[in-house]
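Contents: one structure, followed by commentary.
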Amino acid sequence: MDPHLLRTYVTVARLASFSEAARELGYTQSAVSQHIAALESDLALPLLTRRPVAPTPAGERLLEHAEALLLRLDAARADLDRFAAAPRATLNVAASPLALHARALAALPATGVTLRAVPRERVPVAVATGEADAGLVDGVAAPSDPLRLPDVAPLAATGVAEEPLAVVLPTTHPLAGRTGLRLDDLVDARWLEAPTAGIPLDRLRAVHGEPAGRGFRTALRYEGGDPRTLAALAAAGHGLALLPLPVAKDVPGATAVPLVAPRLVHRTELLLPTGADAEPTGPVAEFTGRLKS
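With the sequence shown counted from 1, adding 32 to any position gets you this note's numbering.
So this is what it looks like as structure tokens:
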């Protein structure tokens, strides 16, 4: 299966248009059509309907494999490129917003840094494919347990911080006076869904053992990346939020009540490429050294 043809197929399926895919890929529309026809011939299966442009059942199944296949190819190329790469004088860091706590920010070198806030699932991808020299990713885990990261490529993950979690709610909320809260008591509450700025609700359901779509109902969805805005939404009564306690504190109109059960922490991990050729040097070594000290 030719990866060039597979990449063309994924682009056409994503955009639902041969002409838009040609524009994005820099091909002619005729070349895109030829790529799709060649891939369908190779697999002896129709992958796309033409009007409208949409994956067939076989095409849907191929898409389930394609993203992972192309990602591993990109990661392999980036890994090999590091053998010939000259030492870098700059640092490119990809981080999920909640991983940007004070210690991480203080560890950044004074100059030559590009810091990009991205969704947490994109952090391992950015490091694996060479888009970033290092990554900071956060998540919820039991104390001292590593995060469960997608298997995009071999990466070295090191825990650099663990913080308590707190439920953020308005100061007028009936539970605001509690000294601690349990997830068991909050299954039927209305929550803020914030996949980037907060702890995703599907993670709360998984921790609590709730089936997909059950419990922890969404009152409002926030698609921004600022945790303080999420806390302000909770303060305004739009729903509860689960955040690291240091982020949740001192938000006007909000109360941060520590989560006491289950026993979970907010964990931040540093991600780096693996291999002898990937030994940190220059600004990367400076940054990782400060984080790990």
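Idealized CB from N, CA, C, for every residue including glycine.
Residue of His36, Glu92 and Ile68 minimising C-alpha distance to Ser51: Sequence index remark: in the sequence shown, residue 51 carries index 19 (1-based). Of the candidates His36, Glu92 and Ile68, the one whose C-alpha sits nearest the C-alpha of Ser51 is Ile68.
Taking the straight line between their C-alpha atoms, what separation do you get for Gly271 and Asp113? Looking up residue 271 in the sequence shown gives position 239. Looking up residue 113 in the sequence shown gives position 81. Their Cα atoms are separated by approximately 47 Å.
Would you mind stating whether Leu236 and Val289 have Cβ atoms separated by less than 8 Å? What you label residue 236 is simply residue 204 of the sequence shown in a count that begins at 1. What you label residue 289 is simply residue 257 of the sequence shown in a count that begins at 1. Contact: no.
If we call anything under 8 Å between Cβ atoms a contact, is Leu265 one with Ile231? Position 233 of the sequence shown holds residue 265. Position 199 of the sequence shown holds residue 231. Result no, Cβ atoms of Leu265 and Ile231 do not sit closer than 8 Å.
Segments assigned beta strand (DSSP E), at least 3 residues, entirely inside the region 249 to 278: 249 to 253 and 273 to 276
So Ala108 is in the alpha helix (DSSP H); what residue range does that whole segment cover? Counting from one through the sequence shown, the residue named residue 108 turns up at place 76. From DSSP, the alpha helix (DSSP H) with Ala108 extends over Pro89 to Ala116.
Short check: CB of Thr261 to CB of Ala131, under 8 Å? In the sequence shown, counting from the first residue as 1, residue 261 sits at position 229. In the sequence shown, counting from the first residue as 1, residue 131 sits at position 99. Going by C-beta atoms, Thr261 is not nearer than 8 Å to Ala131.
Within 10 angstroms of the Cβ of Ala308, are there 16 or more other Cβ atoms? Answer buried if so, exposed if not. Translated into the one-based positions of the sequence shown, residue 308 becomes position 276. Residue placement at Ala308 is poorly supported in this model, since its pLDDT is 45, which falls under 50; the coordinates still yield a value, given next. Residue burial is scored here from C-beta neighbours: Ala308 has fewer than 16 other C-beta atoms within 10 angstroms and is therefore classed as exposed.
Taking the C-alpha atoms as reference points, what is the distance between Ser176 and Pro196? What you label residue 176 is simply residue 144 of the sequence shown in a count that begins at 1. What you label residue 196 is simply residue 164 of the sequence shown in a count that begins at 1. Near 12 Å, if we compare the C-alpha coordinates of Pro196 and Ser176.
Grab the span of the beta strand (DSSP E) containing His298 for me, first residue to last. By one-based count along the sequence shown, residue 298 stands at place 266. Val297 to Pro305 is the span of the beta strand (DSSP E), which, as asked, contains His298.
In terms of alpha-carbon separation, which member of Thr143, Ser49 and Ala139 lies closest to Ser325? Sequence index remark: in the sequence shown, residue 325 carries index 293 (1-based). Checking every option, the nearest Cα to that of Ser325 belongs to Ala139.
Using a Cβ-Cβ cutoff of less than 6 Å, which residues in the same chain neighbour Ala185 once the five nearest sequence positions on both sides are dropped? On the sequence shown, position 153 is the one that residue 185 refers to. Excluding residues within five positions, the ones whose Cβ falls inside 6 Å are Ala107 and Ala160.
Element boundaries [alpha helix (DSSP H), containing Asp74]: By 1-based counting over the sequence shown, the position of residue 74 is 42. Residues Gln61 to Leu75.
Output the distance between the C-alpha atoms of Ser65 and Leu75, rounded to the nearest integer angstrom. Position 33 of the sequence shown holds residue 65. Position 43 of the sequence shown holds residue 75. The alpha-carbon atoms of Ser65 and Leu75 are separated by roughly 16 Å.
Thr146 lies in the beta strand (DSSP E); which residues open and close that run? Taking the first residue of the sequence shown as position 1, residue 146 is located at position 114. That run of the beta strand (DSSP E) goes Val145 to Ala149.
I'd like to know whether the C-beta atoms of Leu38 and Leu71 end up nearer to each other than 8 Å. Stepping through the sequence shown from its first residue, residue 38 is reached at position 6. Stepping through the sequence shown from its first residue, residue 71 is reached at position 39. Their beta carbons are under 8 Å apart, which means Leu38 touches Leu71 by this criterion.
Where does the unbroken alpha helix (DSSP H) through Ala136 begin, and where does it stop? Residue 136 sits at position 104 when you count from the first residue of the sequence shown. Residues Ala134 to Ala139.
Beta-bridge partners of Thr161, as assigned by DSSP: As a working mapping, residue 161 is identified with position 129 in the sequence shown. The partner list for Thr161 (beta bridge, DSSP) is empty, contrary to what the question assumes.
What did DSSP end up calling Asp282 once you bin it into helix, strand or coil? Taking the sequence shown and counting its residues from 1, the one referred to as residue 282 is at position 250. Asp282: coil per DSSP, three-state reduction.
With respect to 7 Å, is the separation between the Cβ of Ala198 and the closest non-hydrogen atom of the ligand HEM below this value? In the structure shown, the ligand HEM is absent, as is every other ligand, since no ligand is present at all.
Three-state secondary structure (DSSP) of Asp217: The residue given as residue 217 occupies position 185 in the sequence shown. Here Asp217 sits in helix by DSSP.
Sorted by chain position, which residues of the same chain lie with C-beta nearer than 8 Å to Leu105's C-beta, five sequence neighbours on each side aside? Mapped onto the sequence shown, residue 105 falls at position 73. Excluding residues within five positions, the ones whose Cβ falls inside 8 Å are Pro35.
Own chain residues within Cβ distance below 8 Å of Arg222, not counting five before or after: Indexing the sequence shown from 1 puts residue 222 at position 190. So the qualifying residues of the chain are Arg249, Thr250, Ala251, Gly271 and Leu272.
Would a C-beta distance cut-off of 8 Å place Thr320 and Pro119 closer than the cut-off? Position 288 of the sequence shown, counted from the start, is the residue given in the question as residue 320. Position 87 of the sequence shown, counted from the start, is the residue given in the question as residue 119. Contact: no.
Excluding sequence positions up to five away, which residues of its chain have a Cβ less than 7 Å from the Cβ of Ala317? For the purposes of this step, residue 317 is identified with residue 285 of the sequence shown, where counting begins at 1. Cβ within range, chain order: n/a, list empty.
To which residues does DSSP link Thr81 through a beta bridge? The residue you call residue 81 lines up with position 49 of the sequence shown. Thr81 pairs with Ala86.
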